[in-house]
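Beneath this line is the structure, given in structure tokens, with notes to follow.
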Amino acid sequence: MSQLTKLEPEKIIDSVSILEKRISDRFPDSGLKDVCREFLMLAEKTKKNISYISKPNIPLKVFSYLIIAVGLGGIIFSFSLINFKVKTFDLEKLVSISNGMFNNLFLIGAAFLFLITMESRIKRKRAIKSLHKLRVISHVIDMHQLTKDPYMHNNNKSTKNSPIRSYTKFELQRYLDYCSEASALIGKVAALYAQSLPDEVIVSAVNEIEVLTTGLSRKIWQKIVVIQNLET
């Protein structure tokens, strides 16, 4: 895959880092700043995970193939101990031995399959764990923008339980912009896993996150459009 058609973790991390600094500069006391800082740490960890996922685990492969070789050697040795002379067999013994051999071969085959797929399962587990954290951060960002209602900006009829609305129109729009950018970047970080491990389970999980973040961005931009219309 060429650099023009490949997501680069370093550039995505730089974008998240710049966003975190912008939020810190404009909203230093906001919870969104803390969420974005946690997102930045997760993005940096994602780079390490991608590096691990992209490279073959040589020690694990050697261990798996060694166990498989020992297992195959054991099967061959077991066959060598069987006396295949027809005169020593009756039908009952033949059926019994055949059944036992079939069961053993089935179990050994299952064990071999387990060992062969061990590396991909370990990598998938690590990716799914990180994708779950990205999904949670996306929901947290949604919670932060939830009470940022542009329709209520000029409405002073607040109750004692109403959320504090101290932002100007410009600040509110910038806040929502930051939420939208963070959501888009979450989708990009998630896509790194699908790029490095195109596994059906991983791709499905990444698609779910992208649908979630796209829906959140659409909802945020509807609010931004309302703010812009209020200014005209």
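In my numbering, the protein residues as written are 5 to 236.
Where is the CB? At the ideal position from N, CA and C, for every residue including glycine.
Computed from a prediction, not measured in an experiment: that's the story for all the values here.
With contacts defined as CB atoms closer than 7 Å, I54 and L196 qualify as a contacting pair. Per DSSP, the unbroken alpha helix (DSSP H) holding T50 starts and ends at G35 to S58. DSSP places S170 outside any alpha helix (DSSP H), giving it a letter other than H or E.
Scanning its chain for C-beta atoms nearer than 6 Å, with the 5 sequence neighbours on each side dropped, one finds around S28 the residues K37, in chain order.
DSSP places K223 within a helical segment (H, G or I) once states are collapsed to three.
Contact between S187 and T151 fails: their C-beta atoms lie close to 17 Å from each other, not under 8 Å. Of the residues L220, V207 and N61, the one whose Cα lies closest to the Cα of L135 is V207.
Note on geometry: alpha-carbon atoms of I80 and L109 lie some 11 Å from one another. In the three-state reduction of the DSSP assignment, P154 falls in the helix class. By the criterion of a C-beta distance shorter than 8 Å, R125 is surrounded by no residue of its chain, once the five residues flanking it on both sides are discounted. A direct Cα-to-Cα measurement between E12 and L220 gives close to 24 Å. Less than 7 Å separates the beta-carbon of A47 from that of V193. DSSP places T9 within a helical segment (H, G or I) once states are collapsed to three. The three-state secondary structure of N107, taken from DSSP, is helix. Only residues of its own chain outside the window of five on either side were considered, and among them S200 have a CB closer than 6 Å to the CB of S58, listed in chain order.
Within its own chain, the residues whose Cβ lies closer than 8 Å to the Cβ of I16, once the five positions on either side in sequence are excluded, are A47, L189, K192, V193 and L196, listed in chain order.
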